[in-house]
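Worksheet: the structure to be examined is printed underneath.
There are 2 protein chains.
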Amino acid sequence: MVAAQKINKDLQEERDKVTFVIEEFAKWFYGGPRQLHEKRFLENYILSDPDLQSDVDPSYLSHKEKYEEAIRRVVVILKRIDKLQAEGHKIDNVHKKVLGSMIVSNVFKEGSPLTTHIGMFGQALASLGTPEQQAEWLDRALRCRIWGTYVQTELGHGTFVRGLEVTSTYDPKTKEFVINSPTTTSYKWWPGGLAHTVNHVVVFAQLYSLGKHHGIQPFIVQVRDFETHKPMKGIIIGEIGTKVGFNTVNNGFLAFDNVRIPLKNMLMRNSQVLENGEFIKSQSPVLNYGVMTEVRVDIVNGMAQHLAKAVTIAMRYSTVRRQSPIDPKLPEPKIIEHVTQQMKIFPAIAKVIAIKVAADKLYNLYDEITAEVKSGNLSRLPDLHALSCCLKVVTTNEVAQSVQICRLACGGHGFLNSSGFHDIYGNVVAAQHYEGENTVLLLQTARYLIKAWSQVLQGKKLTPSVEYLSAYKSGQLGKWKGSPNGILTALQAATAGQIALAYKHLEERKKTSSVEVATSQTGIELAKASELHCQVFLLSSLMWSVNRAAKYFSKALGEVFQDILHIYAYDLALRNLGSMLQFVSFSSADLEQLQMDFEASLKKFKNNSIGVVDGFDIPDSVLGSTLGAYDGDVYERLLSAAKKSPLNQEDVNKSFDLYLKPFIKSNL
Amino acid sequence: MVAAQKINKDLQEERDKVTFVIEEFAKWFYGGPRQLHEKRFLENYILSDPDLQSDVDPSYLSHKEKYEEAIRRVVVILKRIDKLQAEGHKIDNVHKKVLGSMIVSNVFKEGSPLTTHIGMFGQALASLGTPEQQAEWLDRALRCRIWGTYVQTELGHGTFVRGLEVTSTYDPKTKEFVINSPTTTSYKWWPGGLAHTVNHVVVFAQLYSLGKHHGIQPFIVQVRDFETHKPMKGIIIGEIGTKVGFNTVNNGFLAFDNVRIPLKNMLMRNSQVLENGEFIKSQSPVLNYGVMTEVRVDIVNGMAQHLAKAVTIAMRYSTVRRQSPIDPKLPEPKIIEHVTQQMKIFPAIAKVIAIKVAADKLYNLYDEITAEVKSGNLSRLPDLHALSCCLKVVTTNEVAQSVQICRLACGGHGFLNSSGFHDIYGNVVAAQHYEGENTVLLLQTARYLIKAWSQVLQGKKLTPSVEYLSAYKSGQLGKWKGSPNGILTALQAATAGQIALAYKHLEERKKTSSVEVATSQTGIELAKASELHCQVFLLSSLMWSVNRAAKYFSKALGEVFQDILHIYAYDLALRNLGSMLQFVSFSSADLEQLQMDFEASLKKFKNNSIGVVDGFDIPDSVLGSTLGAYDGDVYERLLSAAKKSPLNQEDVNKSFDLYLKPFIKSNL
């Protein structure tokens with residue numbers, strides 16, 4: 092048991108001002124009392140393992156040592172999960188709930204070598220494999236008897252999947268596929284755990300059979316021996332090197348030198364190759380979208396959680412830190428008293444909630460549409476695809492920016508790894524880079540929006556997420572009102588106006604160019620329209636959720652949600668003023684009022700701000716920050732973390748005698 | 092000699108389109124033919140040392156090994172400089188030109204433990220020490236006989252210098268100062284090289300003499316023994332731990348346990364303490380601004396150079412990388428053909444030039460005003476201070492953002508350390524954190540602007556950098572014209588309008604609050620006004636320089652400068668549309684035209700874009716990037732860098748037998 096903590100008095104003073112019940116907020120944030128309880132149980136159960144307590148932060152280790160320590164920790168956790176199950180605790184999907192969640196985000200600050208195994212390998216087998224194939228591999232994967240990863244990207248091709256070069260050529264004589272990497276650019280590159288950890292991969296390759304090309308298909312390949320872990324014959328494998336973050340994810344490269352695998356190793360739930368080499372095309376090519384879309388929804392949800400960590404750190408530090416007198420007759424204030432500090436942190440708190448709500452809506456939509464697809468109705472898939480693409484882009488970009496704002500809000504100390512910001516940043520930035528290049532994804536959403544606009548022009552009815560385009564067309568949007576609802580309307584008008592403008596330029600260009608060239612040349616405006624569309628979705632989701640909270644929660648909490656909505660909406664409006672002013676009329680007085688309203692909303696929220704971050708319910712063992720710990724003992728923690736540096740274990744480093752002293756002596 | 096390189100054919104194709112003489116541009120960029128020649132000579136001379144060639148990138152080392160390797164490299168370079176001097180090459184200030192410049196930016200990717208010695212210790216001695224003190228320490232410092240650093244910031248206080256806690260109490264009996272750190276928060280924290288490298292410090296402490304407090308004063312203290320390098324008596328010293336970047340800078344902490352230093356160790360060029368303890372106040376307290384201002388100007392200049400590296404990498408990679416067909420009948424294009432890629436990279440190229448020009452102007456201003464100050468005229472110091480504050484903020488923020496845009500523009504490969512982006516980012520971000528908290532600096536500039544505005548209201552004449560405020564007041568600004576000049580005018584109007592609005596709110600608040608409280612509450616608007624003022628300075632400096640180039644350079648180069656100015660101005664206008672629309676009238680057609688003009692400027696510049704980054708003249712040995720090397724051999728370099736990872740030197744990592752295999756066996 093942990094002894095009662097001594098809380099920094101400034102922090103306690105702010106906590107005493109909170110007007111709502113934090114536990115009520117936490118239950119909402121985690122989806123209900125049962126989910127919150129389960130999260131806390133798992134955190135305690137897993138993280139209390141003595142083998143996970145370590146005195147030297149991994150950031151001091153060499154790259155190789157970091158990997159070895161990560162594997163050690165993976166196995167400690169897997170054993171802990173075994174123990175939990177042996178003790179009779181029944182928790183569905185427990186491996187994903189632990190290893191695929193924030194619970195281990197401080198154990199694996201730079202990611203885990205099993206993340207892709209947990210998050211994608213099983214899902215790929217489940218969605219792409221036949222029942223027989225699942226019987227052979229899926230259960231062993233879920234029990235961690237085999238470890239795998241999802242291998243698609245190559246050195247020369249990422250987002251443009253059709254350009255992949257690895258080939259899989261069927262040999263009907265031996266009933267095998269021959270998998271081959273013909274060039275340097277065809278080296279598979281990036282999959283997590285691939286380098287030294289997994290022994291199986293689901294790999295995507297260009298299929299050739301009986302001399303014909305049949306597009307990209309998935310295959311399962313064993314890459315390392317069960318007993319020795321040595322690479323199998325023809326397998327060239329290794330890691331891709333150090334990175335901004337993710338240094339314990341063990342991202343790898345893989346090349347095939349005419350590797351033979353049996354016919355049964357093509358994942359044939361959709362398309363099939365028969366023994367004689369005949370190819371049978373999938374009935375429903377869209378089903379392949381499943382894994383990618385689910386991963387994108389997971390990314391959006393993860394962004395809310397990463398940002399929750401960052402704002403918890405910045406908020407608590409800003410309450411403990413005193414600096415720069417406002418009134419020269421008074422002591423230096425808590426820096427959160429400075430409005431310029433509130434301006435940095437409060438909108439980031441609001442963003443956590445907006446993104447969490449959007450992720451929830453996207454999960455629901457995903458479940459609904461997946462069920463529709465199973466019953467043969469594919470009509471809403473494009474809507475889901477369009478939303479998941481732009482949300483992945485906008486949330487990763489905005490969270491990357493907000494994490495940096497939080498870090499800068501902590502002054503010099505934010506630059507220290509012990510603050511925790513850099514590891515959060517590394518994880519967030521990784522998501523900007525993976526699962527589709529952000530601009531390409533925006534242009535995919537834009538294609539959907541342009542199609543929707545052309546339907547508006549034809550007088551057709553649209554799905555709810557783009558209904559506002561019709562309203563714009565019929566002149567129902569455009570008059571400025573300074574409420575969140577008015578901001579939503581103005582943002583919808585700006586988005587619709589931007590789409591209409593891009594559409595016009597596209598049509599003009601189509602007179603002299605092909606549709607593809609015209610689309611490419613209109614890319615800047617199209618990408619902008621997609622970003623705005625995403626902001627409309629985020630704000631409208633948040634409004635929906637806040638209105639709902641007013642019905643279901645206590646009055647005090649309902650008011651906090653209102654405050655959060657106001658901050659979010661005003662900040663969004665001020666950041667998108669250029670776009671809005673282009674399509675909506677404002678007076679000077681309107682603009683002055685908007686700024687005033689924003690500042691008033693910060694002031695109104697201030698007394699509850701510490702309560703909300705406490706309600707994100709991130710224990711110190713998960714937060715892993717000298718600046719953000721619950722007790723606010725910032726300075727002692729900074730000093731104590733520094734003193735643990737291996738360099739500080741010796742008064743004099745050997746480089747003095749080896750290099751410095753001889754030089755000084757020679758230079759007298 | 093390096094053999095003639097084989098150049099990637101796509102890259103060569105683009106180089107063949109360049110219309111201007113790259114060497115002419117390079118001469119301008121480095122300040123003249125002599126400076127360019129000297130830079131190239133030093134690069135070759137220093138970096139060709141065989142002891143600087145190493146096969147394992149430092150990012151694979153442990154934190155401790157990184158430091159030891161950095162010290163080894165420091166000494167290799169110092170010996171190389173000795174050799175150069177012994178061979179009779181006469182280069183002024185050669186230590187700073189090598190160790191304080193980009194030449195070593197790939198040798199010390201995360202900074203050098205001597206940066207602060209080179210950049211601040213000598214300057215502090217020169218500007219704060221008496222001639223006798225300089226005779227004792229300065230020459231030894233310049234010859235690297237003693238090594239020092241500049242010690243000001245504490246755990247509990249950074250930007251608010253008056254809040255520092257370390258005390259220096261004069262003891263007239265022994266004619267010594269007693270330096271003491273009374274609290275945890277008084278630990279000195281951050282100085283480069285402090286932890287294990289330097290043996291001297293210039294430390295700032297609260298002076299007490301004869302029971303009276305005399306503010307912050309500088310003292311020189313020896314912290315380590317010459318022979319053993321052990322900490323001196325009463326010195327508690329160590330490093331502050333791992334960071335986002337700067338991991339080889341050896342940033343340290345320092346506490347004093349009643350350390351005694353002789354009277355002569357107070358740096359007494361300004362204020363003095365006599366033997367009897369009498370305090371003589373400095374005639375000119377502003378002289379202390381010198382070191383800090385010079386460091387800020389160096390930061391601005393450094394930002395241009397860091398961004399030059401980032402755009403060189405992104406531009407060359409975008410020329411080599413082919414991805415995503417535009418016209419489905421044609422092969423995948425170079426990604427620089429996509430306008431959305433041009434939108435990311437070309438404005439960043441323009442920003443390098445705008446920031447470099449602004450730094451030049453600031454250096455000139457610094458020299459002029461320093462000369463004026465020496466002759467007793469302090470009138471323009473506030474102007475210099477205001478500009479150096481906001482330029483430090485805006486250039487570090489903008490370059491941090493642009494480096495990330497460049498990194499994202501390189502897709503997944505940008506996330507690899509071998510791309511070079513992360514080390515650039517770490518160095519840039521460090522500058523966002525150090526030398527003054529960015530918002531506090533903006534508010535210092537704002538104080539100057541508010542004062543200027545009140546002078547306008549009184550009908551007074553202003554200095555050139557804020558003259559546009561008078562023009563705004565008399566209604567001469569505000570009509571939109573789509574040229575760079577028109578954009579400058581609109582931006583000036585937006586800035587003046589923002590200042591006037593902040594002034595109005597400030598005055599209103601002063602009716603019910605003290606001026607300090609009112610100022611604090613108006614912080615958000617004040618900070619925004621400062622940022623805009625800085626953008627006015629950047630754009631007007633660039634315009635001045637481009638107009639000058641038209642007179643002095645070839646027609647072809649003059650046109651390139653014009654193209655760069657257009658891209659810079661249009662991009663700036665689009666990014667600040669919200670501010671401009673608030674104070675300047677635009678029609679819908681104006682806005683549509685602005686977007687069109689921006690896109691046209693990208694298209695016009697495209698054929699010269701590779702020429703400009705080649706003209707930044709950054710050799711591969713300085714660039715240190717797999718993606719940005721001159722020959723464009725991107726994929727082989729990525730693979731070859733990966734293969735050098737220590738993890739890839741073994742087929743099977745020991746963690747398999749230690750952890751993975753026993754777990755799998757136990758789990759059958």
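Top line first, the protein sequences correspond to chains A and B.
The opening residue of the first sequence carries number 92 in our numbering; numbering runs sequentially from there.
The opening residue of the second sequence carries number 92 in our numbering; numbering runs sequentially from there.
All residues carry an ideal CB built from backbone N, CA and C; glycine is no exception.
The structure displayed is predicted, hence computed values, not measured ones.
Among the CB atoms of chain B, none fall inside 8 angstroms of the CB of Leu102/A. The three-state reading of DSSP puts Thr536/B in helix, counting H, G and I together. Note on the segment 535-615 of chain B: whole alpha helix (DSSP H) runs with a minimum of 4 residues are 558-564, 575-601 and 606-612, in chain order. Between the segment 425-443 of chain B and the segment 495-507 of chain B there are three or more inter-stretch CB-CB distances shorter than 8 angstroms, so the stretches are counted as touching. In its chain, beyond the 5 residues on either side, Asn99, Asp101, Leu102, Gly723 and Val725 have a beta carbon closer than 7 angstroms to the beta carbon of Val411/B. With fewer than 16 other beta carbons inside 10 angstroms of its own, His128/A counts as exposed.
Short of 7 angstroms from the beta carbon of Thr275/A, and not among the five residues preceding or following it, lie these beta carbons of its own chain, in chain order: Leu246.
In the structure shown, the three-state DSSP call for Ile655/A is helix. Of the other Cβ atoms in all chains shown, fewer than 16 fall within 10 Å of the Cβ of Met687/B; this residue is therefore exposed. Taking all protein chains in view, the Cβ of Phe628/A is crowded by 16 or more other Cβ atoms within 10 Å, so the residue is classified as buried. Contacts between Thr275/B and chain A, judged by CB atoms closer than 7 angstroms, involve Tyr726, Glu727 and Leu730 in chain order. Closer than 8 angstroms to the CB of Glu607/B there is at least one CB belonging to chain A. Under the three-state reduction of DSSP output, Glu156/A falls in the helix class. Three or more beta-carbon pairs drawn from the segment 286-300 of chain A and the segment 254-274 of chain A are found closer than 8 angstroms, and the two stretches are therefore classed as touching. One Cα belongs to Arg360/B, the other to Leu472/B, and the distance between them is close to 20 angstroms.
The Cβ atoms of Leu579/A and Ser631/A lie closer than 8 angstroms to each other.
Bounds of the beta strand (DSSP E) holding His305/A are Lys303 to Gln313. Below 8 angstroms, enough C-beta pairs join the segment 381-399 of chain B and the segment 478-493 of chain B to call them touching: three or more. Per DSSP, reduced to three states, the secondary structure at Ser300/A is strand. Taking C-beta atoms as the reference points, Phe111/A and Lys447/A fail to come closer than 8 angstroms. Counting C-beta pairs closer than 8 angstroms gives three or more between the segment 318-331 of chain A and the segment 285-295 of chain A, which meets the contact rule.
The way I'd put it, the segment 599-608 of chain B doesn't touch the segment 582-591 of chain B; fewer than three beta-carbon pairs between them come closer than 8 angstroms. The beta carbon of Gly577/B lies closer than 7 angstroms to those of Trp571 in the same chain, with the five residues before and after it left out.
According to DSSP, residue pairing for Lys425/A in a beta bridge involves Arg413/A. When the Cα atoms are used, Gly122/B and Asp183/B turn out to be separated by approximately 16 angstroms. Counting only Cβ-Cβ distances below 7 angstroms, His180/B has no contacts in chain A at all, with the closest Cβ about 17 angstroms away. Here Thr260/B is bridged, per DSSP, to Val269/B and Tyr299/B. In this structure, Val165/A and Val242/A do not form a Cβ contact; the two beta carbons are roughly 20 angstroms apart against a cut-off of 8 angstroms.
As far as DSSP is concerned, His208/A takes part in no beta bridge. Collapsing the DSSP output to three states places Arg387/A in a helix. Annotated as distal: Ile440/B and Val637/B, with beta-carbon spacing of 8 angstroms or more. In the structure shown, the three-state DSSP call for Pro353/B is strand. Residue pairing of Phe628/B in beta bridges, as defined by DSSP: absent, with no partner found. In this model, Ile404/B and Val391/B are separated by some 21 angstroms (Cα to Cα). Counted as a single uninterrupted DSSP element, the beta strand (DSSP E) harbouring Gly239/A occupies residues Gly239 to Val242.
In this structure, DSSP gives Leu169/A a helical state, which the three-state scheme calls helix.
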